[in-house]
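Enquirer: Residue numbers (this note's numbering): 42 to 141. C-beta: ideal position from N, C-alpha, C; glycine also. These numbers were taken from a predicted model, which means no experiment stands behind them.
1) Regarding residue 72 and the ligand COA, is the C-beta to nearest heavy atom distance less than 7 Å?
2) May I ask which residues mark the beginning and end of the alpha helix (DSSP H) holding residue 134?
3) Whole-angstrom Cβ separation of residue 73 and residue 96, contact assumed at under 8 Å?
4) As a quick exercise: from 123, 100, 114, 128, pick the residue whose alpha carbon is nearest that of residue 140.
5) Check residue 121 in the structure and name its three-state DSSP category.
6) Given residue 52, which residues of its chain have a CB within under 6 Å of its CB, disregarding the five upstream and five downstream residues?
7) From residue 83 to residue 93, what does the alpha carbon distance come to, in whole angstroms?
8) If you pair each beta-carbon of the segment 132-139 with each one of the segment 107-122, do three or more pairs fall below 8 Å?
9) Output needed for residue 112: all residues of its chain with C-beta closer than 8 Å, excluding positions within five of it in sequence on either side, in chain order.
10) Rounding to the nearest angstrom, what Cα-Cα distance links residue 126 and residue 117 in this structure?
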């Protein structure tokens with residue numbers, strides 16, 4: 042049994058949504074590889090820190106995008122079905138992890 046209320050979104054992601062998320066994640070992956078390169082080149086610490094900050098920001102933005110979709114679809118659907126309290130608590134628990 043899953044530790045979450047559902048195993049998949051209430052409304053499946055469109056191909057366009059998946060493509061946008063995947064493109065963002067691939068850009069982040071490229072940024073991580075870039076950091077590996079500048080570490081390998083023994084570049085200045087501040088250069089590395091700036092790149093780490095950019096990656097953290099990019100990941101947060103992906104998280105906010107997924108969170109917004111979750112609220113608009115999954116949480117809204119749960120509230121309409123009378124299951125809002127559990128779903129909101131689940132979201133709050135995940136947001137607490139997200140904000141660490």
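Expert: This is what the structure gives:
1) The ligand COA is absent from the structure shown, which contains no ligand whatsoever.
2) Looking up residue 134 in the chain shown gives position 93. That run of the alpha helix (DSSP H) goes 125-139.
3) Translated into the one-based positions of the chain shown, residue 73 becomes position 32. Translated into the one-based positions of the chain shown, residue 96 becomes position 55. That pair is a contact at about 6 Å.
4) Residue numbering aside, residue 140 sits at position 99 when the chain shown is read from its first letter. When only C-alpha atoms are compared, the closest one is 100.
5) The residue given as residue 121 occupies position 80 in the chain shown. Helix, per DSSP.
6) Taking the first residue of the chain shown as position 1, residue 52 is located at position 11. Result list for residue 52: 114, in chain order.
7) Residue 83 sits at position 42 when you count from the first residue of the chain shown. Residue 93 sits at position 52 when you count from the first residue of the chain shown. Rounded to the nearest angstrom, the two C-alpha atoms are 15 Å apart.
8) yes
9) For the purposes of this step, residue 112 is identified with residue 71 of the chain shown, where counting begins at 1. Within the same chain, Cβ atoms closer than 8 Å to the Cβ of residue 112 are found at 132, the five residues on either side in sequence being excluded.
10) The count along the chain shown starts at 1 and reaches residue 126 at position 85. The count along the chain shown starts at 1 and reaches residue 117 at position 76. When rounded, the distance between both Cα atoms is 11 Å.
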